[in-house]
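Written out below as structure tokens is the structure these notes cover.
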Amino acid sequence: MKRNFTFKTIFAALMLLCAVNTYAQDRTCGMVEHMEEMMQNPEFAHQYEESQKRFKAEVARRLSGEFQARGGNIQIPVAVHFPGANEADRACLEALAQNQIDILNADYTASNADINQWTAASAFYPGLNPGVANISFCLAVANHPVGLDPELLEGNPCVTIGYNFGGGNNADANWAGYMNFVVRDIGPGLLGFSPLGGSISAGQAVTMNLGAFGSGAGCPGSGIVPGAPFNLGRTVTHELGHFYNLNHPWGPGAPTCAQDDGIADTPETGQETYNCPNAGTQPGCNAGEFVLHMNYMDYVNDACMYMFTPNQMTVVDAWVASIAPDFKPNVCTPPAPGFNMVATNNEVSTCPTVDTQAVFNFNYNTILGFSETTTFSASGVPAGATVNFSPTSLSTDGSFTMTIGNIGATMEGEYTITVTGTSASVTETVDVLLKNTCTQIECNTYASAQNLNLAIVDGSGGTPGQPFATNVITVPDLGSPIESITVNVDVTHTYISDLLVRIIHPDGATFVDVWSGNCGSNANFDVTFDDMAAAIACGSPTNGTYAPANPLTAFNGLDTAGDWTILLADFFAQDTGNLNDWSITICTEQPLSVDEFGADEFAIFPNPNQGEFTIKMTSGSNEDIKVNVYDIRGRSIFNSRYTNTGQFSEVVSLNNVQSGMYLVTVSDGDKRTTKKIIVE
């Protein structure tokens with residue numbers, strides 16, 4: 005166990021060096037490091053080998069007499085994901101997504117406006133012309149996956165906002181069938197990355213940093229603004245080339261004349277090219293040849309890359325043809341008039357001994373002027389329960405609720421309930437889960453010692469100082485997999501953007517970078533990282549609860565037990581500091597406490613309510629009454645202690661609380677009960 009953990013931690017540290025050692029470069033691409041990491045996964049490696057076999061078979065077919073050149077154009081459906089963006093920016097983000105699609109359609113068909121630069125440059129590359137791919141890109145508008153983003157409406161562009169694609173990873177099975185672009189903060193030093201030879205069936209994605217997607221003004225309200233000199237959308241063009249099996253012109257490893265990309269009409273370069281050199285000024289590996297630095301697969305600025313070669317496009321066409329059966333059909337043509345229904349809380353937990361009802365909320369949206377009356381019904385409801393819809397039907401955009409009543413008469417278990425909307429010409433369904441299992445979310449905090457005073461070794465020029473600062477917290481087996489996690493980190497350090505902070509799971513292979521070069525020259529931070537929180541607001545110090553650089557949901561579903569490690573690395577000289585302390589709060593699903601009060605002793609009303617309710621009970625002890633209210637993730641939002649007078653009656657006000665389900669726990673001496681309430 006110990007040896008295995010040490011080995012995996014060393015490997016993770018090496019991957020850290022690979023991923024961030026490009027801080028000091030100009031254009032950067034994380035494809036090589038990403039592939040090195042992913043190929044450690046046997047399932048990914050097997051899938052990659054199978055994809056390469058299909059690709060080679062397609063190349064062989066194209067070289068045989070069976071292939072008729074320039075067949076039908078292959079249309080590639082695209083979905084764009086902005087995990088950290090603001091829903092209020094939807095119109096801007098949809099326009100930016102379409103802007104990037106337009107750039108790709110031009111770049112991959114040599115119809116981009118700046119291809120005219122080739123006229124002067126071509127003299128240095130005799131016989132070479134720009135390549136044209138037999139593909140086109142569309143932003144999907146129909147048959148969207150349901151239940152993932154409530155604002156992703158049928159007939160609108162396939163753009164998700166706030167959806168945590170892949171739990172912070174770069175593949176999501178919910179999005180198999182699409183060419184996925186993910187635009188998120190991947191830390192300083194990288195513009196983007198992609199798998200080499202990506203998989204559509206696995207829902208893999210091309211990932212771009214916030215300043216490397218699209219062109220123009222971007223969407224400042226979400227922090228997504230193309231940044232010069234990489235502000236013309238060419239990072240996506242470059243990374244997408246990798247997804248379609250194109251390597252860098254210098255080959256799969258570090259630049260050297262001993263290898264190249266295996267493509268005959270790209271000159272052997274032996275070097276990366278940066279900035280914006282003039283044509284014919286960068287000698288290649290062979291006498292009389294010049295580096296084709298205007299190629300999209302090199303590292304020059306966006307304004308100075310403007311072409312693929314014909315043989316590169318042969319590779320792209322062959323790869324796309326080999327994965328074409330995996331593309332989701334019928335998503336690029338606007339849908340027919342109709343409606344969709346989306347549950348805003350598609351899972352509700354109840355317990356027959358505690359609860360009386362469960363309330364599910366739905367949004368109803370019409371498509372292209374649909375105006376028929378839709379009536380709602382449900383199947384799969386537990387025996388003994390009642391069902392009530394409010395309203396019972398809709399003919400325009402709106403919302404409705406389904407209340408499952410008489411829960412006390414039902415059997416424990418999980419029930420998949422199918423809600424059906426029926427109109428004269430259209431029928432749609434949506435499934436929700438009634439988790440009638442008498443469980444609740446409980447959260448436990450585990451902390452390091454106070455005043456660790458653990459020195460963070462200074463780095464230099466983008467290379468992290470070593471040894472890395474590490475500390476371990478041992479967490480017991482909580483009996484259930486992780487539902488959610490928050491992490492608190494307290495650091496004293498000048499110029500905190502020098503730092504990267506990584507949390508490593510006991511398996512040694514799963515990790516999340518919660519801090520990645522944030523906040524510039526600010527000093528010190530004491531931050532609780534919570535996926536549901538807002539983006540970091542920098543200060544000196546930076547204190548509060550903020551979203552991590554990468555989602556902590558990567559840990560969801562994993563075991564709790566073992567040694568959790570924090571790793572801190574500093575990448576630049578002159579500014580130093582220490583880790584003061586840190587803690588991790590792990591939420592798991594646990595059995596709901598049994599109601600120890602009789603029905604005539606305890607009551608909460610009204611329920612549902614608007615955030616204010618009354619607790620009445622008859623106490624049999626002389627101890628104070630304790631009232632705690634938790635959200636469904638187990639976070640405390642209210643706690644108070646009351647003097648016991650025997651007949652207890654108190655009004656509880658949850659100020660400005662969001663609508664949803666909450667757990668109210670009341671303790672009276674040895675008695676303790678938990679009831680669920682619904683805030684509307």
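Read in order, the letters of the sequence shown correspond to residues 5 to 684 in the numbering used here.
We treat Cβ as the ideally placed atom computed from N, Cα and C, and that holds for glycine.
Values in this document were obtained by computation on a predicted structure and should not be read as measured data.
Helix, strand or coil at residue i [DSSP, three-state]
i, result
"Asp604", "Since pLDDT at Asp604 reaches only 49, below the 50 mark, its modelled position is unreliable, and no value is offered."
"His85", "strand"
"Ile228", "strand"
"Ser375", "coil"
"Gly4", "In this structure the chain extends from 5 to 684, so residue 4 is not present and cannot be described."
"Leu108", "helix"
"Leu214", "coil"
"Leu100", "helix"
"Gly166", "coil"
"Gln361", "strand"
"Leu571", "strand"
"Ile190", "coil"
"Gly172", "helix"
"Asn178", "helix"
"His497", "strand"
"Thr318", "helix"
Alpha carbon of residue i to alpha carbon of residue j, nearest angstrom
i, j, result
"Ala387", "Thr424", "19 Å"
"Asp628", "Phe217", "58 Å"
"Gly673", "Val631", "12 Å"
"Gly171", "Pro555", "6 Å"
"Ala459", "Tyr450", "22 Å"
"Met665", "Phe576", "46 Å"
"Gly284", "Met298", "11 Å"
"Val670", "Ser640", "13 Å"
"Val668", "Tyr634", "7 Å"
"Thr569", "Gln578", "26 Å"
"Ala262", "Val346", "56 Å"
"Glu416", "Gln594", "15 Å"
"Pro134", "Met212", "25 Å"
"Pro154", "Asn344", "10 Å"
"Asn315", "Gly274", "19 Å"
"Thr260", "Gly288", "11 Å"
"Leu156", "Val150", "8 Å"
"His246", "Ser394", "51 Å"
"Asp3", "Asp567", "There is no way to answer for residue 3, as the model of the chain reaches only from 5 to 684."
Environment of residue i [buried if 16+ CB atoms lie within 10 Å]
i, result
"Ser768", "With the chain represented from 5 up to 684, any question about residue 768 goes unanswered, as that position is not in the structure."
"Val683", "buried"
"Asn626", "exposed"
"Arg74", "Low confidence applies to Arg74: its pLDDT is 48, below 50, so where it sits in the model is not reliable, and the reading given next is rough at best. The residue in question, Arg74, is exposed, as its Cβ has fewer than 16 Cβ neighbours within 10 Å."
"Gln444", "buried"
"Lys620", "exposed"
"Leu214", "buried"
"Arg687", "There is simply no residue 687 to check, as the chain begins at 5 and stops at 684 in what is shown."
"Pro485", "exposed"
"Asp517", "buried"
"Asp302", "buried"
"Asp176", "buried"
Sequence-distant residues of the same chain with beta carbon closer than 8 Å to residue i, five excluded per side
i, result
"Asp106", "none"
"Asn410", "Thr360, Gln361, Gly388, Ala389, Thr390"
"Gly615", "Ser657, Leu658, Asn659, Asn660, Val661, Val683"
"Ser501", "Pro192, Gly521, Asn522, Cys523, Gly524, Ser525, Asn526"
"Asn392", "Met406, Thr407, Gly409"
"Leu437", "Asn350, Glu351, Val352, Glu418, Tyr419, Thr420, Ile421"
"Pro339", "Val145, Ala146, Asn147, Glu158, Gly159, Ile371, Leu372"
"Cys280", "Pro233, Val304, Asn305, Ala307, Cys308"
"Leu108", "Phe141, Gly237, Val240, Thr241, Leu244"
Among the options, the one whose alpha carbon lies nearest that of residue i
i, options, result
"Ser399", "Thr377, Glu418, Asn251", "Thr377"
"Asp4", "Leu214, Ser205, Pro130, Ala221", "As shown, the chain starts at 5 and ends at 684. That puts residue 4 outside it, with no answer to give."
"Pro341", "Glu155, Thr420, Asn369", "Asn369"
"Phe380", "Pro485, Val229, Ser397", "Ser397"
"Gly255", "Leu200, Gly220, Gly292, Ile204", "Leu200"
"Asp534", "Val493, Asn613, Gly561", "Val493"
"Gln454", "Thr441, Ile477, Cys447, Pro471", "Ile477"
"Gln104", "Pro230, Pro149, Val363", "Pro230"
"Leu236", "Cys442, Thr580, Ala101, Ala175", "Ala101"
"Asn251", "Glu293, Asn365, Thr313", "Thr313"
Residues near residue i by beta carbon distance below 6 Å, same chain, minus five either side
i, result
"Thr549", "Thr532, Asp534, Ala537"
"Ala413", "Gly388"
"Thr433", "Thr422, Thr424"
"Glu276", "Pro259, Tyr303"
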